[in-house]
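Take a look at the structure set out below.
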Amino acid sequence: MTKHSSLPRGVAVVGAGMCKFGAFPEKSSRDLFVEAYQDMIKSIDKGFDPEIIETIYTGNYSSDLFEGQGHTAPLIVDAIGLAPRPAVRVEDACASGGAALRQGIIAVASGMFDAVLVGGYEKMTNLPTSQVTDALGTAADTLFENPAGFTFPGFYAAIATAYMQKYGMTPQHLMKVALKNHENGALNPKAQFNMTIPDWMKGRVEAAIKKGKPAPSWQTVWDFLQDDAANPMIAWPLRLFDCSPVTDGAAAVLLVPAERAHEFTDAPVYVIGTGQASDVALHSRTDLTTLNAAKIAAHTAYEMAGVTPDDIRIAEVHDCFTIAEIVASEDLGFFAPGDGYRMADEGVTSRLGPKPINTSGGLKAKGHPVGASGVAQIIELWKQMRGEAGDRQVPGDVPLALTENVGATGTTCVVNIFERR
Amino acid sequence: MTEQTAARPFTAAAFNQYLKENKLMGARCAGCGAIYLPPRSICPACHASAMEWVELSGKGVLAGFTVITNGPTFMTKAGYGRDNPYISGIVKLAEGPGISARILGLDAKAPETIKIGTPLSVEFLTQGEAEARKTYLAFRA
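Going line by line, the protein sequences match chains A and B.
Residue numbering for the first sequence is 1 to 421, as defined by our numbering.
Residue numbering for the second sequence is 422 to 562, as defined by our numbering.
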């Protein structure tokens, strides 16, 4: 069914940029993408002439629902002055960015193109939360899943309940993922939540005192995280801090053939494996505690790259909800099934641990502009692999890194593997 | 099987019409015998297009669930919310397939007491007003 051969032609990332993630009432998705593109240009060490770009793939889930604007690919191309180049908008829900990147990789690897721009963008904060919930809900099966009342936090909550039952995890273990990713996000100036959860808690106490209200009685961060007022339940057992936020953001990368990478930089990041798979609806799976499409995409990418999960130094994975990071850490083969939550609890996946996951802050703290997320994951690997991640730089070399981008409940999964030689 | 049921297409509309008639119907592949819920036209196991409708027992167990306080618009319009949460779940049916459904008869305000594996029976839940009135698939503990 699946071919596991290596790429027919080597592919390299020679530039990677993103805008600040957050809520920007005055900016459209096109404005955000222009900023990401400009940031990408700054990252190309030896400079480049934009005229060399031959084609553009952009990941975007639903500018239609979020902004009332369809057909955004040509608008993006025009905004950066690159019409009449062909542009394709790729939609695979929250995996749109990863899928667009994969299309860009295929375009270069095939030999058809020598300079491909890959973008991702989503402008989500124009809508009230209830309408965002409905818009995201259309990524599930509106005919057979949504009539049950499920929301996206609800689907992942159902995964969490099955996982808790099977492996003995508790909601407190999930909170460890949120604490870790906010610690990382606090070190990322581009993150939407550039703040640790303890700092967040202190801010809430100070704000209450300033307003002359009684200060909350939280003694520890656990009191804060288990307070129904401070951290409300969204879909049991997932609370607000288990969920990635609603975000405006964009990201961009430039792909070229590996043999031409040194025209742009002496420190390229090579793409050595890519995999993508689809899955049936959550209710039709035999095991709710794993995403089969993630396992298949990862297997394909590992085979193509000729590496194993143990070889991967760091990973950016799709932590749309805390449980998703735990499941990903198992599906990618880093840990055995049922061990993921214990590894998170023991700090194995923290920035200074042996297997850092989501050093950017992840979707949880960096923010989750859904169509941009799969591309923004590459920006973190680009920085970490080149030693440019500043305060959050992991110790030692990062020769191999991986991204995992998930659409909906894992009905689409994309895994890409990168090498710094 | 009657002529009428055999003639219905394997669509969501036909499935919902059966729900309205208080029947939980799946599709069975005449080629290999596999049973599917939701219904479908093409068998993923043998790729044949030879489905027939089959009424399911409506018995199953809870495989995963959540209690939702921030629901989609159609649920908040029906009166659900933080003060009136509801349970959505995934039910594994006795015949094998799983399906998403509303879960009734368990305490939405005490989710920690809800157990995976709880036996359930199908119930046909009518909700909504006027044109939005619809029969939803539910299971009761």
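By construction, the Cβ of each residue, glycine as well, lies at the ideal position given by its N, Cα and C atoms.
Spatially closest choice to residue i from the options, by CA coordinates
i: phenylalanine 110/A; options: Ala207/A, Ala298/A, Val256/A, Ala294/A; result: Note that residue 110/A corresponds to serine in the displayed sequence, not to phenylalanine. Ranking Ala207/A, Ala298/A, Val256/A, Ala294/A by Cα distance to serine 110/A puts Val256/A first.
i: isoleucine 520/B; options: Phe144/A, Ala401/A, Met304/A; result: Phe144/A
i: glycine 452/B; options: Pro465/B, Ile463/B, Ala471/B, Ala435/B; result: Ala471/B
i: threonine 171/A; options: Thr129/A, Phe241/A, Ala115/A, Thr274/A; result: Just to set this straight, residue 171/A is proline in the shown sequence, not threonine. With distances taken between Cα atoms, proline 171/A lies closest to Phe241/A.
i: leucine 174/A; options: Thr409/A, Asn405/A, Lys366/A, Tyr341/A; result: Tyr341/A
i: asparagine 181/A; options: Glu419/A, Ile326/A, Thr412/A, Met385/A; result: Ile326/A
i: glutamate 183/A; options: Asp92/A, Pro337/A, Glu54/A, Gly347/A; result: Gly347/A
i: valine 394/A; options: Ile417/A, Thr359/A, Cys413/A; result: Thr359/A
i: glutamate 516/B; options: Ile456/B, Ala551/B, Thr490/B; result: Ile456/B
i: glutamine 131/A; options: Met496/B, Glu473/B, Glu442/B; result: Met496/B
Where residue i falls: helix, strand or coil (DSSP)
i: lysine 548/B; result: Here residue 548/B is glutamine; the residue named in the question, lysine, does not match the sequence. Strand.
i: tyrosine 302/A; result: helix
i: alanine 559/B; result: strand
i: alanine 162/A; result: helix
i: isoleucine 326/A; result: helix
i: threonine 490/B; result: coil
i: alanine 522/B; result: strand
i: threonine 418/A; result: Reading off the sequence, residue 418/A comes out as phenylalanine, not threonine. Here phenylalanine 418/A sits in strand by DSSP.
i: glutamine 276/A; result: strand
i: threonine 412/A; result: strand
i: leucine 174/A; result: helix
i: methionine 1/A; result: For methionine 1/A, the pLDDT reaches just 49, beneath the cut-off of 50, and the residue's location in the model is therefore unreliable, although a value from the coordinates is still provided. Three-state DSSP puts methionine 1/A in coil, outside helix and strand.
i: methionine 446/B; result: strand
i: lysine 42/A; result: helix
i: threonine 423/B; result: Caution is warranted here: a pLDDT of 47 is assigned to threonine 423/B, below 50, making its placement in the model unreliable, and the coordinate value is therefore given only provisionally. DSSP places threonine 423/B in coil when its eight states are reduced to three.
i: serine 462/B; result: coil
i: phenylalanine 321/A; result: strand
i: arginine 554/B; result: coil
i: glycine 361/A; result: coil
i: lysine 355/A; result: coil
CB contact below 8 Å: residue i versus chain A
i: arginine 523/B; result: yes
i: asparagine 491/B; result: yes
i: proline 540/B; result: no
i: alanine 484/B; result: yes
i: leucine 558/B; result: yes
i: alanine 448/B; result: no
i: glycine 510/B; result: yes
i: valine 488/B; result: yes
i: threonine 547/B; result: no
i: threonine 494/B; result: yes
i: glycine 519/B; result: yes
i: alanine 433/B; result: yes
i: proline 430/B; result: no
i: isoleucine 537/B; result: yes
i: threonine 497/B; result: yes
C-beta neighbour in chain B for residue i, strict 8 Å
i: glycine 137/A; result: yes
i: glutamine 165/A; result: yes
i: glycine 212/A; result: no
i: proline 337/A; result: no
i: alanine 95/A; result: no
i: histidine 283/A; result: yes
i: serine 130/A; result: yes
i: methionine 1/A; result: Residue confidence for methionine 1/A is low, a pLDDT of 49 falling below 50, so the modelled location carries little weight; the figure read from the coordinates is stated next. With 8 Å as the cut-off, methionine 1/A does not count as an interface residue toward chain B.
i: tryptophan 222/A; result: no
i: isoleucine 326/A; result: no
i: aspartate 134/A; result: yes
i: methionine 233/A; result: yes
i: glutamate 145/A; result: yes
i: threonine 247/A; result: no
Whole-number beta carbon distance between residue j and residue i, since they are thought to touch under 8 Å
i: glycine 70/A; j: aspartate 78/A; result: With 8 Å as the limit, glycine 70/A and aspartate 78/A do not qualify as a contact, their Cβ atoms being about 15 Å apart.
i: aspartate 134/A; j: proline 493/B; result: 6 Å
i: valine 90/A; j: glycine 68/A; result: About 20 Å separates the two Cβ atoms, so there is no contact after all.
i: valine 375/A; j: leucine 101/A; result: 6 Å
i: alanine 207/A; j: isoleucine 312/A; result: About 41 Å separates the two Cβ atoms, so there is no contact after all.
Residue i CB to nearest heavy atom of the ligand NAD below 7 Å
i: glycine 333/A; result: Judged by which ligands are present, the structure shown has none, so any question about the ligand NAD falls away.
Note to self: Does the stretch 179-189 of chain A come into contact with the stretch 378-392 of chain A, if we say contact requires no fewer than three beta-carbon pairs (one atom in each stretch) closer than 8 Å?
What the structure shows: yes
Note to self: Closer than 8 Å is the cut-off here; do at least three beta carbon pairs connect the stretch 89-103 of chain A with the stretch 358-372 of chain A?
What the structure shows: yes
Next item on the list: Indicate whether the contact test is met: 3 or more Cβ pairs, each with one atom in the stretch 205-218 of chain A and one in the stretch 267-283 of chain A, closer than 8 Å.
Entry: no
Margin query: Could you check whether the stretch 28-36 of chain A touches the stretch 290-307 of chain A, counting it as contact only if at least three pairs of C-beta atoms, one from each stretch, sit closer than 8 Å?
Written below: no
Notebook entry, point to check: Just checking, does the stretch 196-213 of chain A make contact with the stretch 455-472 of chain B on the three C-beta pairs under 8 Å criterion?
Noted result: no
Note to self: Quick test of the definition: if touching needs 3 or more C-beta pairs under 8 Å, does the stretch 475-491 of chain B touch the stretch 506-522 of chain B?
What the structure shows: yes
Check: Are the stretch 111-131 of chain A and the stretch 230-247 of chain A touching, with three or more C-beta to C-beta distances below 8 Å?
Finding: yes
Check: Are at least three pairs of beta-carbons, each pair with one atom in the stretch 7-20 of chain A and one in the stretch 36-52 of chain A, less than 8 Å apart?
Finding: yes
Margin query: For the pair the stretch 299-316 of chain A and the stretch 538-545 of chain B, tell me if three or more CB-CB distances fall below 8 Å.
Written below: no
Item checked: Stretch pair the stretch 394-411 of chain A + the stretch 317-332 of chain A: three plus CB contacts closer than 8 Å -> yes
Check: Is it a yes or a no for the stretch 282-291 of chain A touching the stretch 259-270 of chain A, going by three-plus beta-carbon pairs under 8 Å?
Finding: no
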